[in-house]
Every structure is written in structure tokens, then in C-alpha cells.
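Participant: Dropping a structure here in C-alpha cells format, bear with me for questions.
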Amino acid sequence: MKKMVALLLVLMLAFGLVACSSGGDNGDNGDGGGGEEGLTGHLVIYTSEPQDLVTEMLEAFIAANPGVTYELFRSGTGDVKAKLDTELQAGGTDADLIWFADIGYMYNLDEQDLIMHYSPDAAADLPDDYKYNDGMGHEVRAIYAAIAYNTTKVTDPPKDWDDITTEDYRGVVALANPNYSGGAFTTLMAHIQNEDLVGWEWYNKLKAIDAKMEQSNGTLSTKVASGEYEAVVVIDYLPRNAKKDGSPVDYIYPASGAVMVPTPLCIMNTIEEENVEAAKALVDFMFTTDNQKLFVDQGYVPMNSAAAEGTDVPTIDEIEVMPFDLEFYVENSDAVRQEYVRLFGAE
């Protein structure tokens with residue numbers, strides 16, 4: 001499959017038709033992220049991250065490494081996993097790197113020796129909760145499930161998860177479909193394993209007040225900004241960016257703990273040898289000062305806390321996080337998903 005892709009790329013280059021080329025000057029970014037002289041390769045990235053934000057980051061990497069080209073497949077986590085599964089069952093995958101929100105799925109790939117372990121020097125001092133399985137993958141920036149609300153509709157902002165299950169929010173509170181959104185599924189799994197803090201009781205309360213469900217976090221962010229919903233459970237960078245852009249939106253990290261949604265960047269072991277160094281260079285690039293500042297500009301919580309100085313973006317040590325048991329996640333994902341479908345009818 002990859003040989004065919006490589007042949008097609010050669011033909012496309014001959015006619016000047018490659019869409020994702022390595023444009024830009026090979027300039028130094030001032031912190032060692034200026035690229036490796038002579039670095040070449042072609043990288044295929046499968047991700048559930050927002051296409052515009054990922055593309056901005058990749059273009060910065062390409063500008064520093066003009067000998068590298070890339071292709072990007074972007075969809076919801078469920079769709080990305082389905083594509084990977086189909087390709088792997090057929091004998092291989094085009095993906096060189098994967099970046100989406102299903103840490104249990106990635107662990108299963110790792111158990112099958114499908115992920116290349118690589119630990120960049122810059123990740124050595126990350127807290128243990130942000131790096132996985134001895135080099136399987138690392139968080140390059142952090143995202144958290146939070147509660148966003150419309151400031152023109154809500155006069156008494158929520159402070160914790162249970163505050164949005166009251167009659168005041170009947171029909172005007174929403175969350176994302178965990179069968180499409182990896183962030184929503186991770187949030188569900190964290191909630192269920194912390195029964196004393198949230199648990200199934202919380203979801204039953206939401207159902208009782210006619211809580212709505214949307215396919216994606218992006219839709220939730222749009223609809224809470226418009227006032228269609230008064231409160232939503234959503235990934236934090238979305239309401240942070242909406243607020244910065246002037247929308248009547250604010251957000252809170254629940255007092256009993258936000259959910260940190262693991263989205264490690266991983267290199268696939270199926271990658272062709274000639275592309276390995278480019279893949280490692282991309283992972284290294286994620287931790288450069290300039291790219292960490294880019295993540296902050298995009299609304300993300302950086303791994304390098306210094307990058308957030310002078311901004312309204314919090315640092316990882318400022319956010320109270322709900323306990324997360326990865327073993328519970330891996331062992332109980334199917335059962336929890338089935339119960340959610342039974343409760344909400346979400347396929």
C-alpha cells in the first residue's frame with residue numbers, strides 16, 4: 001500500500017500537484033527547533049485534532065524542515081480508529097503517526113508491537129500522568145473536559161459537575177457523543193470509575209432533565225456560544241478560544257476535578273525506515289519553545305508551563321484533575337459503552 005502511495009507521490013510531484021508540500025524557509029526558531037539539515041521524509045498523520053490547528057503546527061514544522069512532506073487524515077476518534085482497524089486487518093496501515101483521544105486503544109496497539117517507542121529529551125521531566133508505557137507516547141499539550149456556559153443565559157455559573165443536572169438546565173445542557181468523540185468517551189470512563197464524584201447517577205440525572213447530545217465538541221462550542229445551549233461539557237480550549245474571540249462564553253474546571261483527556265502523539269511501528277527520522281523530528285518539534293507557544297496561542301495548555309506566562313491559559317499544575325485509572329479504562333470500555341448506549345440510545 002505504501003509503495004503505491006510513494007509511486008503516486010512521485011507522479012504528482014512530476015506534475016506539480018502535491019497538495020501538502022514542504023514550503024517555507026529553513027530558518028532557526030531560536031531554541032533548537034530550526035530543523036535538521038538534510039532531513040527528508042514523507043509523513044502520514046491520522047488525527048482527531050482540529051484540522052486547522054494541526055495544519056498550522058505541521059506547516060511550522062515543514063517550514064523548519066523543507067525536505068519533509070506530509071499527508072493528514074482527520075476525523076472523529078471513532079472514524080480514525082475504524083480506518084486504522086480496516087487497514088491493519090488488511091495487512092498494514094498508511095499511518096506513520098497517530099494522535100487522537102483513546103489511550104486504551106493505543107495501549108492495545110502497543111501490546112501488538114504496533115507502536116514505536118521513542119522518548120524525546122524534552123519529555124524527560126514530564127509528570128508521569130503525561131507520558132505512557134516507557135516511550136509509547138507523550139502528551140505534547142494537554143486538554144481537559146470542562147463545563148462551558150453562555151454568560152447571557154447563566155447568572156449563577158456552575159462550580160461542579162452536579163450543578164448542571166438541576167431543573168434550571170432542563171433541555172439546555174448537552175454533551176458530546178462518546179461513540180464519535182474520544183474526548184467524550186474518556187470523560188465518560190473517568191466519570192464512571194469515580195463513582196463517588198460523578199458515576200452513573202450523574203448521567204441518569206442528565207437524562208432526566210432531557211440533556212441533549214451532539215456528535216462533536218466543536219458543535220457544542222458553537223451552540224453554547226449562540227445560546228441554543230446554556231451549558232455544555234466540552235474540551236477546554238474551545239470555550240477558551242470562543243471567549244477570547246468575544247463570544248458570550250466562559251468555562252470552569254469542576255471543583256471535584258476536570259478530566260484530563262490523554263491524546264499522546266505516537267509513532268507507528270509500521271512506518272517505513274526512510275521516514276523514521278522525520279517522525280522523531282516531528283515529535284521533538286512539538287516540545288520546542290516556539291511550538292509550545294503556538295499551542296498556547298491555539299488555546300491549549302502547554303507541557304512547558306513557561307510558554308503560558310502572561311496569558312490566560314492555565315498550566316498543568318494549576319488544574320485539579322479527577323483520578324484516572326488506565327487499567328479500569330482498558331478492562332471496562334466495552335461494558336461502559338454498552339451501558340451508555342442503553343441509557344441514551346447513542347450509536
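Read left to right, the sequence shown gives residues 1 to 347 (UniProt numbering). Virtual Cβ for every residue (Gly too), placed ideally from N, Cα, C.
1. Whole angstroms are fine: how far does the CA of LEU97 sit from the CA of LYS81?
2. Who are TRP161's beta bridge partners in DSSP?
3. When the distance is taken between beta carbons, is VAL172 closer than 8 Å to TYR229?
4. Below 6 Å CB to CB, which residues in the same chain sit around LEU109 once its five sequence neighbours on both sides are set aside?
5. With DSSP collapsed to three states, give me the class of LYS212.
6. Based on the DSSP output, what are the partners of THR69 in its beta bridges?
7. Strictly under 8 Å for the Cβ-Cβ distance: is MET286 near chain B by that measure?
8. Can you grab the Cα-Cα spacing for the pair THR311 / ARG240, in whole Å?
9. Can you tell me the Cα-Cα spacing of ASP134 and GLY199, whole angstroms?
10. Going by other Cβ atoms of all chains shown within 10 Å of its Cβ, with 16 needed for buried, is SER181 buried or exposed?
11. Any idea if THR152 is buried or exposed, counting beta-carbon neighbours within 10 angstroms, 16 or more meaning buried?
12. Cα separation between PHE61 and ASP121?
13. Is the CB-CB distance between PRO157 and ILE252 below 8 Å?
14. Under 7 Å Cβ to Cβ from LEU265, same chain only, skipping five residues before and after it: list those, please.
15. Under a Cβ-count criterion, where at least 16 other Cβ atoms within 10 Å of its own Cβ denotes burial, should LEU343 be classed as buried or exposed?
16. Give a yes or no on whether the C-beta atoms belonging to VAL249 and ALA225 are separated by under 8 Å.
17. For the beta strand (DSSP E) that contains ALA174, what are its first and last residues?
18. Relative to the C-alpha of LEU164, which residue among LEU39, THR55, ALA255 and GLY41 is closest?
19. For TYR144, which of GLY345, ILE316 and TYR169 has the nearest alpha-carbon?
20. Do the region 82-95 and the region 52-66 touch if we need at least three Cβ pairs shorter than 8 Å?
21. Identify the continuous beta strand (DSSP E) that holds LEU126 and give its terminal residues.
Facilitator: Reading it off the structure:
1. 13 Å
2. According to DSSP, TRP161 bridges with nothing at all.
3. yes
4. ILE115
5. strand
6. HIS42
7. Absent here is chain B; the protein component of the structure consists of one chain.
8. 11 Å
9. 31 Å
10. buried
11. exposed
12. 18 Å
13. yes
14. LEU97, TRP99, GLY137, HIS138, VAL140, VAL283 and MET286
15. exposed
16. yes
17. 173-176
18. Sequence check: residue 164 is Ile here, not Leu. When only C-alpha atoms are compared, the closest one is ALA255.
19. ILE316
20. no
21. Per DSSP, LEU126 belongs to no beta strand (DSSP E) and is neither H nor E.
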